Amino acid sequence: AQSVTQLGSHVSVSEGALVLLRCNYSSSVPPYLFWYVQYPNQGLQLLLKYTSAATLVKGINGFEAEFKKSETSFHLTKPSAHMSDAAEYFCAVNDNNNDMRFGAGTRLTVKP
Amino acid sequence: DAGITQSPRHKVTETGTPVTLRCHQTENHRYMYWYRQDPGHGLRLIHYSYGVKDTDKGEVSDGYSVSRSKTEDFLLTLESATSSQTSVYFCATQRGAGTDTQYFGPGTRLTVL
Numbered sequence: 003a004q005s006v007t008q009l010g011s012h013v014s015v016s017e018g019a020l021v022l023l024r025c026n027y028s029s030s031v032p033p034y035l036f037w038y039v040q041y042p043n044q045g046l047q048l049l050l051k052y053t054s055a056a057t058l059v060k061g062i063n064g065f066e067a068e069f070k071k072s073e074t075s076f077h078l079t080k081p082s083a084h085m086s087d088a089a090e091y092f093c094a095v096n097d098n099n100n101d102m103r104f105g106a107g108t109r110l111t112v113k114p
Numbered sequence: 049d050a051g052i053t054q055s056p057r058h059k060v061t062e063t064g065t066p067v068t069l070r071c072h073q074t075e076n077h078r079y080m081y082w083y084r085q086d087p088g089h090g091l092r093l094i095h096y097s098y099g100v101k102d103t104d105k106g107e108v109s110d111g112y113s114v115s116r117s118k119t120e121d122f123l124l125t126l127e128s129a130t131s132s133q134t135s136v137y138f139c140a141t142q143r144g145a146g147t148d149t150q151y152f153g154p155g156t157r158l159t160v161l
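For the protein sequence lines, the chains are E and L, in the order given. Sequential numbering from 3 applies to the first sequence in the working numbering. Sequential numbering from 49 applies to the second sequence in the working numbering.
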């Protein structure tokens, strides 16, 4: 079955610094990959998704992710962190069925 | 965003009692999902529905049942709640199959004492 692993349950960056959240996937077929963000006491919101088009995917709020098949990775980046980016981020994989698998999540803290 | 509401938003109950959580959507999405969120586990799929009266099990379905009698409503029932079912439950909807975006409700925090 497909799965994702998020490296680092907590990441802390300074405001203005690069954000890098790591996600590696396992899938027996070409995967569809997603990044979701969850703000406190809210549901998840889609940041971006990869569905086999361009390998560099741009999302909302200045985030982007690059699909690297050779590394089975889909890391999320943002050049300059804002305080408002503090949230929990989830990577997810779907093998084009109805069983989306989520990673355990990475909590991003942004220091002033 | 899809109009998804969940009720109740918070519930405290006792072990052994039945509990029903409701998810309501206004977007006429075909697919609906129930997840539970626990620290260190992310979201795990409990059950999903691919149409009225059509449901299937997810990764952690034991102890849960679901029903969908109308497109807009998806009910999750814990027949006899246990403390291990203390969690935050999220409903999600999806217009089409596979790779379409899932839209999430605000969640229900359930505590089983």
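A virtual CB, placed ideally from N, CA and C, is assigned to each residue, including glycine. Bear in mind that the values here come from a model prediction, so they are computed numbers and not experimental data.
Asked                                                                                                                                                                        : Found
Below 8 Å, can you find three or more Cβ-Cβ pairs linking the stretch 56-64 of chain L to the stretch 92-112 of chain E?                                                     : no
Would you please verify whether the beta carbon of TYR122 of chain L is less than 8 Å from any beta carbon of chain E?                                                       : Residue 122 of chain L is actually Phe in this sequence, not Tyr. No, PHE122 of chain L lies away from the interface with chain E (no Cβ there is under 8 Å from its Cβ).
Where does the unbroken beta strand (DSSP E) through LYS101 of chain L begin, and where does it stop?                                                                        : No beta strand (DSSP E) holds LYS101 of chain L; DSSP gives it neither H nor E.
My guess is that GLY155 of chain L and GLN54 of chain L are in contact by the Cβ rule of under 8 Å, so how many angstroms apart are they, rounded?                           : 6 Å
Starting from ARG109 of chain E, trace the beta strand (DSSP E) both ways and give me its first and last residue.                                                            : 108-113
Return the residue from the list E:CYS93, E:ASN100 and E:ALA19 that minimises the CA-CA distance to MET85 of chain E.                                                        : E:ALA19
Any Cβ of chain L within less than 8 Å of the Cβ of GLY10 of chain E?                                                                                                        : no
Per DSSP, LYS59 of chain L is paired with what?                                                                                                                              : L:LEU158
Return the CA-CA distance between SER14 of chain E and ALA83 of chain E, expressed in angstroms with no decimal places.                                                      : 10 Å
Does PHE104 of chain E have its Cβ less than 8 Å from a Cβ in chain L?                                                                                                       : yes
Which of the three DSSP states is assigned to SER16 of chain E in this structure?                                                                                            : strand
For GLU75 of chain L and TYR27 of chain E, I'd like the C-alpha separation in whole angstroms.                                                                               : 31 Å
Compare the C-beta of TYR91 of chain E against all C-beta atoms of chain L and say whether one is closer than 8 Å.                                                           : no
Using C-beta distances below 7 Å, list every residue in its chain close to LYS105 of chain L, excluding the 5 sequence neighbours before and after it, in chain order.       : HIS95
Across the stretch 4-12 of chain E and the stretch 62-71 of chain E, are there enough close Cβ pairs to call them in contact, namely three or more that are closer than 8 Å? : no
Please list the residues of the stretch 96-109 of chain L that have a C-beta atom closer than 9 Å to any C-beta atom in chain E, keeping them in chain order.                : TYR96, TYR98, ASP104, GLY106 and GLU107
Can you check whether the C-beta of THR159 of chain L is within less than 8 Å of a C-beta belonging to chain E?                                                              : no
Check whether chain E comes within 8 Å of PRO154 of chain L, counting only Cβ atoms and requiring the distance to be less than that.                                         : yes
Hey, PHE76 of chain E and LEU35 of chain E are a contact pair by Cβ (cut 8 Å); roughly how many whole angstroms apart?                                                       : 4 Å
Would you report the Cα separation of TYR52 of chain E and ALA140 of chain L, rounded to the nearest angstrom?                                                               : 19 Å
Along chain E, in chain order, which residues have C-beta atoms closer than 8 Å to that of ALA129 of chain L?                                                                : Simply none; closest approach about 22 Å.
Under the three-state reduction of DSSP, which class applies to GLY64 of chain E: helix, strand or coil?                                                                     : helix
Does THR53 of chain E have its Cβ less than 8 Å from a Cβ in chain L?                                                                                                        : yes
At the level of alpha carbons, what is the spacing between TYR91 of chain E and VAL39 of chain E?                                                                            : 5 Å
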